[in-house]
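Number of protein chains: 2
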Amino acid sequence: MAAPGPLSLNTVTVKEKWGLRECIEGCARHGIPAISPWRDVLQAMGVAEAVRAIRDAGLAVSGLCRGGMFPAMDAAGRAAAIEDNRRAIEEAHAIGAACLVMVCGGLPPGSKDLDGARGMVRDGLHAIMGDARAAGMTIALEPLHPMTCADRSVLSTLGQALDLCDELGEGSGVAVDVYHVWWDPALRSQMARAGRRIAAFHACDWKVPTVDTVFDRGLPGEGCIDIPGIRAMAEEAGYRGHVEVEILSRRWWAEDPDRVLEEIVRRHAASC
Amino acid sequence: MAAPGPLSLNTVTVKEKWGLRECIEGCARHGIPAISPWRDVLQAMGVAEAVRAIRDAGLAVSGLCRGGMFPAMDAAGRAAAIEDNRRAIEEAHAIGAACLVMVCGGLPPGSKDLDGARGMVRDGLHAIMGDARAAGMTIALEPLHPMTCADRSVLSTLGQALDLCDELGEGSGVAVDVYHVWWDPALRSQMARAGRRIAAFHACDWKVPTVDTVFDRGLPGEGCIDIPGIRAMAEEAGYRGHVEVEILSRRWWAEDPDRVLEEIVRRHAASC
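Protein sequences appear in the order of chains X and W.
Here the working numbering is used: the first residue of the first sequence is 6, the next is one more, and so on.
Here the working numbering is used: the first residue of the second sequence is 6, the next is one more, and so on.
Have a look at this one:
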C-alpha cells in the first residue's frame, strides 16, 4: 500500500493548550506540512496575522473548520447562520484553505422534526453556494456519525452528503472523516461514487469502548477503524490531498501538545 | 393518528430490581398485556416455570431477547455461538415468542475486519435458519445504532438487515427499535420495503444530550425521536403487533420498578 498523503494538523486536536500561533509553530517544529484551523482560534489570532504566520511557516491549509449549523428555531436564526457561513467562506478564502468543512447542524432545540431540519440544511447550503463559487471555495459537506444527529448534524451518511452535492453542483464536495463513516455498509460504493468530490480526508480512531459520544476519539491506531483501508478507497476515488488528523479527546487534550504532535507524526506513518 | 398497538414490557427495562417472575406479576398488576424477556432472566426462572407463569397471567410474548453475537476470533467460538442460537430458538418456541430478536455481534476483540465480521454474521444466520423454520420461529434481525458497531452489532441499518432477509428468505424479519434507526435518511423507504417483515417494534427515546452510548436511553417522550411518526411507517407497512418498551438506562434502573411501569403505561398512550 502507498504511503499516506501528507499530514495536516487540525487545531482542535490540541485546543486546550495551544492557540493558532502555537499550532503553526508546532507544525513547523515537527515537520507537519499543513494545518486546518478552527474558526475560533483563527479569529482569536486575527485573520491577517494568521495568513502571514501560515505563509511564513510554509504551511498548506487543508481546510477551515467549520461552517454549517443551519437549523434554527426561527427565520432570524436561520438567516444569521447563513450570514455567518458567508463570513466563514471569506475567512477560508483569506487563509487559502482547500475547503470549508461543513458541520451542518442538528435538530433545533426541542424539535423532533428531522425532515424539517434537513430542509433547513438544504436551504442554507443553497443560499451560500453562489458566494462559495465566487470565492472559488469548495464547500465540503461532512457527514457526521449518527450519534450526533440530534445536536450536531442531521447529515449522517456519505450517501446523503453526495445526494446533496448532486443537487448543489459545482463547488460542493465531501469531507470524509473515518470516525464518522467507518461503520457504514454503503461506504465502499459511496466512496467510489464520490470520486473527485472528496475534498478532505480526516483520520482518527474509534476506541473500544467509547465512553463519550463526542470527546473520546482515539489517535490513529488506538481503535478498531481500518484507516488504511478507507484511505485506499479515497485514493481509488482520486483523492490526492492531505491526511488531516483531528482528535476530540479529553485524554489527549490533557497531554503536552508537543508529545501529541510526536505521536501524530509517528502514527501517521504507521497507522494511516 | 390511530392509538399505538398493545404495550409490551421488555424485561431489561427493570433488570436491576426485578427478575422474570416480578416482571410477569408487574405486567398483570399494571394492565400490560405482553412481555419480552431477556434470556438471562428466563433461564434464571426456568423455562417451564416461566411458561406456566406467563400463561397464568394471560400475557402475550412479543419476543425473546436475544440471539446473535455470531462473530468470534476462531471457528470454535463461532460454532459455540451457533449452538447457543439453536438453544435460543428452542427457548423462544417454548415461551410462544412472536420472534427471536437478533443482536448480531460486533468485531471480534482486536479485529478491524468489518467485512469479515459481517461475513460471520451472515454465516451464522444461514446456519440457524433451518432450525428456526422447523420451530416456526421468526428470526428478527435488529439493526443496532452505528455507535454499537464495534462491540455489539455490525448490522447497523434497516436496509442492511433487509438485504440479509432477502438472502435468508422465509422465517426472517426485522426488529425495528426507534432508538437505533430514527436518524437514518433511508428510514421511510426501508420501512416501506420491509412490509410484513417487521416482526417487532421497540420504543424508547434519544435524550439530548446522550451521555452514554449504551445505558442512557429515555422513556418515550423524554427525547427527540418522533415515535408516532415511525410507528405510522410501521403500520403503513402492515405491522399490527405490540409496541415493546425497552429501556437501558442507569437512571431508570435506579427507580422503583412499579413507578417505571406506571410511567411506561402513561407514556405508551401519550408518546408512542
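Heads up, the beta-carbon is just placed ideally off N, CA and C, and yes, glycines get one too.
ask   = If you run the structure through DSSP and keep just helix, strand and coil, what is Cys-277/X?
value = The residue labelled residue 277/X in the question sits at position 272 within the first sequence. DSSP places Cys-277/X in coil when its eight states are reduced to three.
query = Which residue or residues does DSSP assign as beta-bridge partners of Trp-43/W?
reply = Counting from one through the second sequence, the residue named residue 43/W turns up at place 38. BP columns for Trp-43/W point to Cys-70/W.
inquiry  = Given this structure, state the Cα-to-Cα distance separating Arg-278/W from Thr-162/W, to the nearest angstrom.
reply    = Absent from the structure is residue 278/W, since the part of chain W shown begins at 6 and ends at 277.
key: Segments of 4+ residues assigned as alpha helix (DSSP H) that fall wholly inside the region 108-174 of chain W   = Qualifying alpha helix (DSSP H) stretches, in chain order: 119-140 and 163-173.
task = Kindly confirm or deny that the region 249-258 of chain W and the region 23-31 of chain W touch, where touching means at least three C-beta pairs closer than 8 angstroms.
result = no
Outcome for Met-6/X when other beta-carbon atoms lying within 10 angstroms are tallied against a minimum of 16 = Along the first sequence, read from residue 1 onward, the residue named residue 6/X stands at position 1. Exposed.
Reduced DSSP secondary structure (H/G/I, E/B, other) of Asp-182/X = Translated into the one-based positions of the first sequence, residue 182/X becomes position 177. If DSSP states are grouped into helix, strand and coil, Asp-182/X belongs with the strands.
request  = Just the C-alpha distance for Leu-47/W and Val-19/W, rounded to the nearest angstrom, thanks.
outcome  = Numbered from its first residue, the second sequence carries residue 47/W at position 42. Numbered from its first residue, the second sequence carries residue 19/W at position 14. Going from the Cα of Leu-47/W to the Cα of Val-19/W covers about 14 angstroms.
query = Taking Cβ positions only, does Pro-42/W come closer than 7 angstroms to chain X?
reply = Your numbering for residue 42/W matches position 37 in the second sequence. Judged by the 7 angstroms Cβ criterion, Pro-42/W is not in contact with chain X.
query = Touch check for the region 169-180 of chain W and the region 138-153 of chain W: three-plus C-beta pairs under 8 angstroms?
reply = yes
message = Closer than 8 angstroms is the cut-off here; do at least three beta carbon pairs connect the region 240-249 of chain X with the region 231-242 of chain W?
response = no
task = Mind listing, in chain order, the continuous alpha helix (DSSP H) runs of no fewer than 4 residues lying wholly within the region 234-276 of chain X?
result = 255-258 and 262-276
Where the region 32-66 of chain X meets chain W: residues whose CB sits under 9 angstroms from a CB there = none
inquiry  = Using a Cβ distance threshold of 8 angstroms, determine whether the region 78-88 of chain W contacts the region 56-64 of chain W, with at least three qualifying pairs required.
reply    = no
task = Quick one: list the residues of chain W neighbouring Val-248/X, beta-carbon separation under 8 angstroms, in chain order.
result = In the first sequence, the residue the question calls residue 248/X occupies position 243. Under the 8 angstroms cutoff, chain W gives no residues; its nearest Cβ is about 17 angstroms from Val-248/X.
key: Cys-109/X at chain W interface by Cβ criterion, 7 angstroms   = Numbered from 1 along the first sequence, position 104 holds the residue referred to as residue 109/X. Cys-109/X does not count as touching chain W.
message = What would DSSP say about Ala-77/W, mapped onto helix, strand or coil?
response = Translated into positions along the second sequence, residue 77/W becomes position 72. Correct three-state label for Ala-77/W: coil.
query = Whose C-beta lies closer than 7 angstroms to the C-beta of Pro-151/X among residues of the same chain, with five residues either side of it excluded?
reply = Start at 1 with the first residue of the first sequence, and residue 151/X comes out as number 146. The answer, listed in chain order, is Ser-161.
First and last residue of the uninterrupted alpha helix (DSSP H) at Leu-14/W = Residue 14/W sits at position 9 when you count from the first residue of the second sequence. First-last for Leu-14/W: 12-15, but that is the beta strand (DSSP E), not the alpha helix (DSSP H).
query = For the region 208-217 of chain X against the region 128-142 of chain W, are there 3 or more C-beta pairs whose distance is under 8 angstroms?
reply = no
Nonlocal neighbours in the same chain, by C-beta distance under 7 angstroms from Val-66/X, ignoring five residues either side = Within the first sequence, the letter at position 61 stands for residue 66/X. Around Val-66/X: Ala-39, Ile-40, Ser-41, Ile-59, Ile-100, Gly-101, Ala-102 and Ala-103.
query = In or out: Asp-120/X buried (at least 16 other Cβ within 10 Å) or exposed?
reply = As a position in the first sequence, residue 120/X is number 115, starting the count at 1. Counting Cβ neighbours within 10 Å, Asp-120/X comes out exposed, since fewer than 16 surround it.
task = Could you pull out every residue in the same chain whose Cβ sits closer than 6 angstroms to the Cβ of Pro-114/X, ignoring the five residues on either side in sequence?
result = Sequence index remark: in the first sequence, residue 114/X carries index 109 (1-based). Taken in chain order, the list of residues that qualify is empty.
key: Inter-residue Cα distance where the pair is Ala-274/W and Arg-222/W   = Working through the second sequence from its first residue, we reach residue 274/W at position 269. Working through the second sequence from its first residue, we reach residue 222/W at position 217. Cα-Cα distance, rounded: 19 angstroms.
task = Answer with buried or exposed for Asp-189/W, where buried requires no fewer than 16 other C-beta atoms within 10 angstroms of its C-beta.
result = Within the second sequence, the letter at position 184 stands for residue 189/W. Classification for Asp-189/W: buried.
inquiry  = Am I right that Glu-268/X and Asn-15/X are in contact with their C-beta atoms under 8 angstroms? What's the rounded C-beta distance?
reply    = Here residue 268/X corresponds to residue number 263 of the first sequence, with the count starting at 1. Here residue 15/X corresponds to residue number 10 of the first sequence, with the count starting at 1. Not quite, the Cβ-Cβ distance comes to about 14 angstroms (not below 8 angstroms), so this is no contact.
query = Who are Phe-220/W's beta bridge partners in DSSP?
reply = Position 215 of the second sequence, counted from the first residue, corresponds to residue 220/W. Bridge partners of Phe-220/W: none, in fact.
request  = Could you check if Phe-220/W is buried or exposed, using at least 16 other CB atoms within 10 Å of its CB as the buried criterion?
outcome  = Taking the second sequence and counting its residues from 1, one reaches residue 220/W at position 215. Answer is exposed; the Cβ neighbour count stays below 16.
message = Short of 7 angstroms in beta carbon distance, which residues of its chain neighbour Met-107/W, apart from the five on each side in sequence? Order them along the chain.
response = Against the second sequence, residue 107/W aligns to sequence position 102. These residues qualify, in order along the chain: Arg-71, Gly-72, Gly-73, Ile-144, Ala-145, Leu-146 and Glu-147.
Within 7 angstroms of chain W by C-beta, residues of the region 154-188 of chain X in sequence order = Cys-154, Ala-155, Asp-156, Ser-161, Thr-162, Gln-165 and Trp-188
request  = Would you identify the three-state DSSP class for Leu-105/X, choosing helix, strand or coil?
outcome  = Counted from its first residue, the first sequence places residue 105/X at position 100. DSSP places Leu-105/X in strand when its eight states are reduced to three.
task = Return yes when the Cβ of Cys-229/W is within less than 7 angstroms of the Cβ of Val-213/W, no when it is not.
result = The count along the second sequence starts at 1 and reaches residue 213/W at position 208. The count along the second sequence starts at 1 and reaches residue 229/W at position 224. Closer than 7 angstroms, so yes.
query = If we cut at 7 angstroms on Cβ distances, does Cys-104/W have a partner in chain X?
reply = Translated into the one-based positions of the second sequence, residue 104/W becomes position 99. Interface annotation, Cys-104/W: not in contact with chain X, CB-CB separation never under 7 angstroms.
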